[in-house]
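Residues in the sequence shown are numbered consecutively from 428, following my numbering.
Structure record follows, encoded as structure tokens.
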Amino acid sequence: MIDEVIFLRHGRTGFNLQRRLQGQIDIPLDIVGQWQVDQSAYSLAQRFYWAKVSNIAAHPDLLPHSADPSVRRMDVDEYRKAPASGRTMRVVSSDLFRAQQTAHAFADILGLDVHLDARLRERSFGQWEGMTREEIRERFPEGFRSWTAHTGGELDYGVESRADLGARGAATIADYVRTHAQDPTPTTLFVVSHGSWIAATIGTLLDMDMDNLNTLDGIRNAFWSTMGVSADATGTHWVLTEFNQGPAIAAAGDWENGPAALRNPDMGVWKPVKGAKA
Numbered sequence: 428m429i430d431e432v433i434f435l436r437h438g439r440t441g442f443n444l445q446r447r448l449q450g451q452i453d454i455p456l457d458i459v460g461q462w463q464v465d466q467s468a469y470s471l472a473q474r475f476y477w478a479k480v481s482n483i484a485a486h487p488d489l490l491p492h493s494a495d496p497s498v499r500r501m502d503v504d505e506y507r508k509a510p511a512s513g514r515t516m517r518v519v520s521s522d523l524f525r526a527q528q529t530a531h532a533f534a535d536i537l538g539l540d541v542h543l544d545a546r547l548r549e550r551s552f553g554q555w556e557g558m559t560r561e562e563i564r565e566r567f568p569e570g571f572r573s574w575t576a577h578t579g580g581e582l583d584y585g586v587e588s589r590a591d592l593g594a595r596g597a598a599t600i601a602d603y604v605r606t607h608a609q610d611p612t613p614t615t616l617f618v619v620s621h622g623s624w625i626a627a628t629i630g631t632l633l634d635m636d637m638d639n640l641n642t643l644d645g646i647r648n649a650f651w652s653t654m655g656v657s658a659d660a661t662g663t664h665w666v667l668t669e670f671n672q673g674p675a676i677a678a679a680g681d682w683e684n685g686p687a688a689l690r691n692p693d694m695g696v697w698k699p700v701k702g703a704k705a
């Protein structure tokens, strides 16, 4: 049974730096994005180290052994008898490459598989994908005003509504929960996706008004949120236990632009845009 869900947003991309709407355009991480996901992966791998132990207990062939027959073999029973083996973790990721890179930064440390799921893709921004907000404002002024006022004008340009996005995300998570319902093993579902998708999914699971999602802070690159899930005769219940959390290093420097050692002279500087939540 799934009793915990972790939502992790992918790291920075070149489109993030340029403040372009990526949507479902397949953009890889940039150098700062790779650094971000590595930092978050290191932090989360410490927290969820039990998942490596549990995975080895279930798949003893993963346990390394010396090729020298005189060296005693490692004892898999140490892993099987460890309390950590009583839980399991499943890592799922959007099939867009920036999410895959982010998922593997975490999962590879713990020796976990990454399962791809197109249902975890970012919100589709239709004709606006790849454009900056300034470009949208210039070319589609009425649509832009309606979009920022949350009155739905963006739908005329093929943009997926927040309500549809949230419904897609919540249905996907509910499907995972339902699929694992008969498995008695407590399971953490580790979901790697995108900022708008995560915010809309969490909002829908909590029965929030999709047009008032600005009550949730924008999801930062490579930051995570955690929800607890339980079920009884009245249905499935969700509790948000962490929101928009990052590794300690994120508070110690310029997280969005990364350390100076990674910035080349041609690289722009990421700056926040007021009212940029999508």
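Backbone N, C-alpha and C fix where the C-beta goes; we use that ideal spot for every residue, glycine too.
- When C-alpha distances from D644 are compared across D453, P699, F442 and M501, the shortest belongs to P699.
- In the structure shown, E669 adopts extended strand secondary structure according to DSSP, grouped into three states.
- In this structure, the beta-carbon distance from S551 to G450 falls below 8 Å.
- Exclusion of the five residues before and after T559 leaves R446 and R447 as the residues of its chain whose Cβ lies within less than 6 Å of its Cβ.
- Bridge partners of M654 according to DSSP: V432 and L667.
- Judged by DSSP in its simplified three-state form, H492 adopts coil rather than helix or strand.
- Here DSSP, grouped into helix, strand and coil, assigns D583 to helix.
- As DSSP reads the structure, S620 sits in a beta bridge with R436.
- The beta-bridge partner set that DSSP reports for D634 is empty.
- Assigned with DSSP and collapsed to three states, R447 falls in strand.
- Under the criterion of beta carbons closer than 8 Å, V518 and F650 do not qualify as touching, at roughly 17 Å.
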